[in-house]
Every structure is written in C-alpha cells, then in structure tokens.
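Novice: At position 201 of the sequence shown (counting the first as 1) the number is 220 in my numbering, and the numbers step up by one without a gap. Positions of the beta carbon are idealized from the N, C-alpha and C atoms, including for glycine. Sending over a structure as structure tokens; questions will come in a sec.
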Amino acid sequence: MKITVVGTGYVGLVTGTCFAEMGSEVICVDNNQEKIDMLNHGVMPIFEYGLKEMVERNIKGNRISFITDIKKAVEESLVIFIAVGTPPNEDGSADLQYVLTVAKDIGKYINGYKVVVDKSTVPVGTADLVKKTIKAELKKRELNYDFDVVSNPEFLKEGMAIEDFMKPDRIIVGTDSEKAKNIMNDLYSSFTFRSNRIIFMNIRSAELTKYTANAMLATKISFINEIANLCEKVGANVEDVRIGIGSDSRIGYKFLYPGIGYGGSCFPKDIKALIKISQENNSSSQILEAVENVNYKQKRVMIDKICAHFGEDLKDKVFAIWGLSFKPMTDDVREAPSIIIINELVKRGAKIQAYDPKAIKEAKKVFGNNPFIKYFNDQYQALGNADALVLITEWRQFRHPDFQKIKNRLKQKVIFDGRNQYDPEKTKANGFTYFCIGK
20 MKITVVGTGY VGLVTGTCFA EMGSEVICVD NNQEKIDMLN HGVMPIFEYG LKEMVERNIK
80 GNRISFITDI KKAVEESLVI FIAVGTPPNE DGSADLQYVL TVAKDIGKYI NGYKVVVDKS
140 TVPVGTADLV KKTIKAELKK RELNYDFDVV SNPEFLKEGM AIEDFMKPDR IIVGTDSEKA
200 KNIMNDLYSS FTFRSNRIIF MNIRSAELTK YTANAMLATK ISFINEIANL CEKVGANVED
260 VRIGIGSDSR IGYKFLYPGI GYGGSCFPKD IKALIKISQE NNSSSQILEA VENVNYKQKR
320 VMIDKICAHF GEDLKDKVFA IWGLSFKPMT DDVREAPSII IINELVKRGA KIQAYDPKAI
380 KEAKKVFGNN PFIKYFNDQY QALGNADALV LITEWRQFRH PDFQKIKNRL KQKVIFDGRN
440 QYDPEKTKAN GFTYFCIGK
C-alpha cells in the first residue's frame with residue numbers, strides 16, 4: 020500500500036518511518052526544503068531514539084522518500100495522513116490553518132478515491148472541516164471524486180515513540196465508512212499481528228479520545244503534585260503515599276510521580292484546547308482548569324525553595340542545572356519546567372551552568388545568547404564553583420551520580436532535586452543540604 024504523510028515533524032516522521040519499516044511504500048512531504056534536504060542526507064530534524072537508524076534503513080530499502088511536491092504525493096497515494104502542527108491560538112484553541120491548507124492541497128490534486136487521515140491532534144469537528152475544504156476545491160475543479168476522512172490520533176511518548184508505534188496499546192480509528200475501515204484495518208494489520216488492538220468508533224469520538232487521554236494523564240500528574248505539596252505541610256512522605264495508593268489496582272503507579280510539573284508539546288497544548296472546546300460547547304471544564312493551574316504553580320515550586328534558602332536576591336549566586344528537556348529521552352524543551360526555573364533564577368541575578376545529554380541545542384534557541392547562561396558537555400563540569408545543583412530532568416545518568424565529585428565541585432553542598440531522584444537521608448548523610456518534592 021502506498022501512503023503519503025504530510026508533515027515531517029515529530030508525529031509525521033515517526034509515522035511515515037514506522038509504516039515504511041513494515042513494508043509500506045511511503046512518501047513524506049513537507050514544504051520546508053531545508054528539512055527535506057536534511058532527511059534525504061540522513062540528518063534528523065528531531066531527536067528520537069532509534070529513528071535515525073530506521074530512516075536510513077528504509078531510505079536504502081527504497082521504502083521511504085522525502086519530497087516537497089504535494090501534487091505528486093497526493094496523486095500517487097491511496098492513504099494520505101495529515102500530520103502537521105496544530106499550535107495553540109492566544110485563546111487556547113487549536114490553530115487549524117496548517118491542517119486546512121493541506122486539505123485544500125488534497126482537494127486541488129486528488130485524482131481518484133483517497134482515504135484522508137487526520138493524524139494531528141485536532142478538535143472535535145475537524146474531520147468535517149477537512150471534508151468541506153476538500154469538497155470546495157473539487158467543486159472549483161468541477162470534479163466529484165469519492166474520498167473518506169478518517170480520524171486516527173497518535174499516542175506517542177517522546178523518547179519511546181518508535182516502540183509505541185510498532186507495539187501499540189491501541190489504535191483508534193474514527194470513521195463512518197466501511198470502505199475506509201477496511202483499508203485502515205489492512206494498513207495497521209501488521210502492527211496487530213498477535214492481537215487485534217484496533218478500536219473503531221465514530222469520527223468525533225476518536226477526535227475527543229486523544230484529548231481525553233492526555234487530559235487524564237495530566238490530571239494524575241497535577242493530582243500527585245498537589246498531594247506532594249500537602250505532604251510537606253503536614254509532615255507526610257509523598258513517596259509512601261504514592262506507594263500506598265498505587266498498590267490499588269484501580270489507581271496504579273503510572274504518572275503518579277511528584278515533581279516540578281509537566282511540559283512538552285502535548286499536555287499543555289491539549290489541556291488548553293480541551294478547555295476551549297468545553298467552553299465553546301457550554302460544558303464545564305473545572306477539573307481541566309484546576310489541572311492547568313496546579314501545573315503552572317508547580318513549575319515555580321523549586322524557585323520558592325531556592326529563594327527560601329538563599330533569599331530573593333540571587334546576585335552572584337551560581338546554579339548548576341542538570342536537565343533542560345521537559346522529560347528524559349528527548350531533546351524537546353517546549354513548555355519545559357527548565358525554562359521557567361532558569362528565567363526566574365536569571366531574573367533574580369543568578370548565573371546558570373547547564374548540562375543536558377541531548378537538549379542543549381534546542382535550549383539555546385529558547386534562551387538565545389544570554390550571558391548569564393553557560394552550557395557544558397559534561398554533567399560534572401557544570402558543577403564547578405556553583406552554589407547549588409538543581410536537578411530538573413530525570414535522565415538515567417543522574418540517578419546514581421558520583422556524590423564525591425559533586426561535593427568536590429560545588430562551592431556550597433546544596434542540592435535541589437525536582438524529581439525526587441535521591442534518598443533524602445543518604446544525601447544528607449553525605450554532607451549535603453537537600454531539598455526535594457513532598458518529603
């Protein structure tokens with residue numbers, strides 16, 4: 020089956036590459052010539068474990084190609100995935116201009132029956148807009164080709180995207196067409212060889228499922244963070260509480276890890292969009308608004324701890340930062356707690372010495388040439404003469420560091436642990452003043 024994926028961002032590139040890995044002939048199309056040239060030379064525009072090797076393998080196998088010619092891509096494919104960005108508008112709603120631009124192009128060049136798949140995270144009702152847009156272009160051409168629009172939201176975790184796509188928990192497909200249903204079932208059959216995990220539903224249910232899934236996960240994060248803050252007030256240990264409630268099979272342990280808030284390209288954007296959808300449909304969004312508000316405050320909890328220890332005036336203070344990405348296993352710094360924390364520290368006069376295994380390049384795009392921020396290629400070098408270590412992202416290499424090296428390099432033996440990676444008693448026994456979350 021020949022398919023096209025429009026958009027070579029995170030979702031589009033992973034989607035196209037994984038379909039090619041399973042034998043489909045894939046055309047990835049993007050209007051960014053520089054990005055297409057990079058991909059054709061094996062240079063990845065994003066970091067995702069295993070992606071580079073998989074792209075190179077499928078380029079050599081002639082199963083995937085990267086082009087800018089949307090006309091060629093539409094004409095030669097049966098299934099067309101729309102995987103472009105849907106950034107938030109100022110009011111929190113999803114900006115659909117890129118999705119509808121692709122729909123317009125499909126309408127211009129469609130030359131027979133096609134299945135058009137909304138892979139981007141889009142509000143309820145977007146499939147209807149896509150269908151209307153394609154029909155409007157066909158009307159201009161005085162043509163009446165048959166086509167179906169399908170909702171097939173992605174559920175990819177950054178850092179685990181390849182595994183998530185190749186071994187999915189579920190594949191959600193929203194369609195009211197039996198023909199499109201059969202084609203999508205055939206397309207995904209190689210990913211559900213051992214057990215059928217394809218769930219078919221109506222289009223609007225599929226569109227809402229994506230937002231609801233992310234909202235539920237974000238809710239668990241904000242919930243445990245709020246409990247962690249309460250633990251500090253009443254003398255409880257959030258880790259004990261987490262184990263106590265997580266052992267209940269109805270609750271479980273996943274996403275119940277206290278810290279300094281969620282970030283990334285999905286949770287913040289999708290919560291805002293779902294709140295907006297609720298408001299537009301005169302439906303309550305109190306829980307969603309609370310989740311967002313708790314997360315906003317949680318990103319600033321570590322600043323409160325730092326200022327409580329050192330004072331509000333941080334002039335001449337130096338802070339070593341471990342971790343810049345919003346989570347480990349990715350270079351993505353969008354909505355990352357590190358941005359809030361570093362900006363707040365610099366605003367108070369502090370200097371920053373930052374290290375991250377993968378995200379330094381992306382962080383530099385955010386902070387620019389700020390003279391108060393220096394970047395290091397070694398986690399221990401970043402500690403040199405710093406007044407404290409601030410752990411922001413829980414990369415594996417930070418879990419069991421050499422505490423003697425940390426002690427030797429820091430000016431003051433102070434650790435602010437935003438991800439509860441270390442044992443408080445052992446850390447204090449090693450001579451550190453130690454601050455964490457919920458303990």
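#1: Given this structure, state the Cα-to-Cα distance separating V33 from I101, to the nearest angstrom.
#2: Taking the alpha carbon of D56 as the point to measure from, which residue in C285, S84 and R438 has its own alpha carbon closest?
#3: Quick one: Cα of F451 to Cα of E413, how far?
#4: Please look up how many angstroms separate the CB atoms of I294 and S304, rounded, as I've assumed it's under 8 Å.
#5: Does DSSP put M20 in a helix, a strand or coil?
#6: For G126, count neighbouring C-beta atoms within 10 Å of its own C-beta (all shown protein chains included) and say buried if the count is 16 or more, exposed if not.
#7: Identify which residue in M179, E72, S209 and G342 has its Cα closest to the Cα of A355.
#8: Determine the extent of the beta strand (DSSP E) in which M220 is found, giving its start and end residues.
#9: Identify whether T120 lies in helix, strand or coil by the three-state DSSP scheme.
#10: Are the region 37-51 and the region 197-210 touching by the rule of at least three beta carbon pairs closer than 8 Å?
#11: Going by Cα to Cα distance, which pick from T27, K291, I290 and I361 is closest to D323?
#12: Under the assumption that V30 contacts L175 (Cβ atoms under 8 Å), give the Cβ distance between them as a whole number of angstroms.
#13: Rank I456, G69, N81 and N51 by C-alpha distance to the C-alpha of I279 and give the top, closest one.
#14: I'd like the list of long-range same chain contacts for E308, defined as Cβ closer than 7 Å, with 5 residues on each side in sequence excluded.
#15: By how many angstroms is the C-alpha of K370 removed from the C-alpha of D332?
#16: So, is P390 buried or exposed, given that buried needs 16 or more other C-beta atoms within 10 angstroms?
#17: Determine the burial state of R261: buried for a count of at least 16 other Cβ atoms within 10 Å of its Cβ, exposed for fewer.
#18: Our contact map puts I99 next to V93 with C-beta atoms below 8 Å; I'd like the distance itself, whole angstroms only.
#19: Which value, in whole angstroms, describes the spacing of the CA atoms of L70 and A448?
#20: In the DSSP assignment, what are the bridge partners of T452?
#21: Tell me the residue span of the beta strand (DSSP E) that contains L408.
#22: Within the chosen definition, does the region 265-277 reach the region 243-255 through at least 3 CB pairs nearer than 8 Å?
#23: Would the region 113-122 count as touching the region 61-81 if we require 3 or more Cβ pairs under 8 Å?
#24: Using a Cβ-Cβ cut-off of 7 Å (strictly less than) and excluding sequence neighbours within five positions of V352, which residues of its own chain qualify?
#25: Around the Cβ of Y272, are there at least 16 other Cβ atoms within 10 angstroms (buried) or fewer (exposed)?
#26: The ligand MG and D183: does the residue's C-beta get closer than 7 Å to at least one heavy atom of that ligand?
#27: Would you please state the rounded distance, in angstroms, between the beta carbons of V143 and V169? I believe it to be under 8 Å.
#28: Out of T27, L157, F454 and K158, which one is the CA nearest neighbour of V320?
Specialist: On the basis of the coordinates in this document:
#1: As a working note, residue 33 is residue 14 in the sequence shown. As a working note, residue 101 is residue 82 in the sequence shown. Each residue's alpha carbon lies about 13 Å from the other.
#2: In the sequence shown, the residue the question calls residue 56 occupies position 37. For the residues C285, S84 and R438, the minimum Cα distance to D56 belongs to S84.
#3: Reading the sequence shown from its first residue, position 432 is the one you call residue 451. Reading the sequence shown from its first residue, position 394 is the one you call residue 413. In a straight line, the C-alpha of F451 is about 19 Å away from that of E413.
#4: On the sequence shown, position 275 is the one that residue 294 refers to. On the sequence shown, position 285 is the one that residue 304 refers to. Cβ atoms of I294 and S304 come within 8 Å of each other, at about 5 Å.
#5: Sequence index remark: in the sequence shown, residue 20 carries index 1 (1-based). In this structure, M20 counts as coil in the three-state DSSP scheme.
#6: Taking the sequence shown and counting its residues from 1, one reaches residue 126 at position 107. With at least 16 other beta carbons inside 10 angstroms of its own, G126 counts as buried.
#7: Your numbering for residue 355 matches position 336 in the sequence shown. When each option's Cα is compared against that of A355, the closest is G342.
#8: Here residue 220 is taken as the residue at index 201 of the sequence shown, counted from 1. Residues I217 to M220.
#9: Locating residue 120 in the sequence shown gives position 101, where the first residue counts as 1. It is helical.
#10: yes
#11: Working through the sequence shown from its first residue, we reach residue 323 at position 304. Of the listed residues, the one whose Cα sits closest to D323 is I361.
#12: As a working mapping, residue 30 is identified with position 11 in the sequence shown. As a working mapping, residue 175 is identified with position 156 in the sequence shown. Right, the Cβ-Cβ distance comes to about 7 Å (below 8 Å), so this counts as a contact.
#13: Taking the sequence shown and counting its residues from 1, one reaches residue 279 at position 260. For I279, the nearest C-alpha among the options comes from I456.
#14: Along the sequence shown, read from residue 1 onward, the residue named residue 308 stands at position 289. The residues are I294.
#15: Looking up residue 332 in the sequence shown gives position 313. Looking up residue 370 in the sequence shown gives position 351. For D332 and K370, the distance between alpha carbons rounds to 12 Å.
#16: In the sequence shown, the residue the question calls residue 390 occupies position 371. The residue is exposed, with fewer than 16 neighbouring Cβ atoms inside 10 Å.
#17: Sequence index remark: in the sequence shown, residue 261 carries index 242 (1-based). R261 should be labelled buried.
#18: The residue given as residue 99 occupies position 80 in the sequence shown. The residue given as residue 93 occupies position 74 in the sequence shown. 6 Å between Cβ atoms; contact.
#19: Here residue 70 corresponds to residue number 51 of the sequence shown, with the count starting at 1. Here residue 448 corresponds to residue number 429 of the sequence shown, with the count starting at 1. Going by the C-alpha atoms only, they are around 42 Å apart.
#20: Translated into positions along the sequence shown, residue 452 becomes position 433. DSSP lists V433 as partners of T452.
#21: Within the sequence shown, residue 408 is the residue found at index 389, counting from 1. Its beta strand (DSSP E) spans residues A407 to L410.
#22: yes
#23: no
#24: Position 333 of the sequence shown, counted from the first residue, corresponds to residue 352. Excluding residues within five positions, the ones whose Cβ falls inside 7 Å are L343, S344, F345, I358, A378, E381, A382 and V385.
#25: Within the sequence shown, the letter at position 253 stands for residue 272. Flag for Y272 reads exposed.
#26: The model on display carries no ligand, and the ligand MG is accordingly not part of it.
#27: For the purposes of this step, residue 143 is taken as residue 124 along the sequence shown, with counting starting at 1. For the purposes of this step, residue 169 is taken as residue 150 along the sequence shown, with counting starting at 1. Their Cβ separation, rounded to whole angstroms, is 15 Å, which puts V143 and V169 out of contact at 8 Å.
#28: By one-based count along the sequence shown, residue 320 stands at place 301. Looking at the Cα atoms, F454 is the closest of the given residues.
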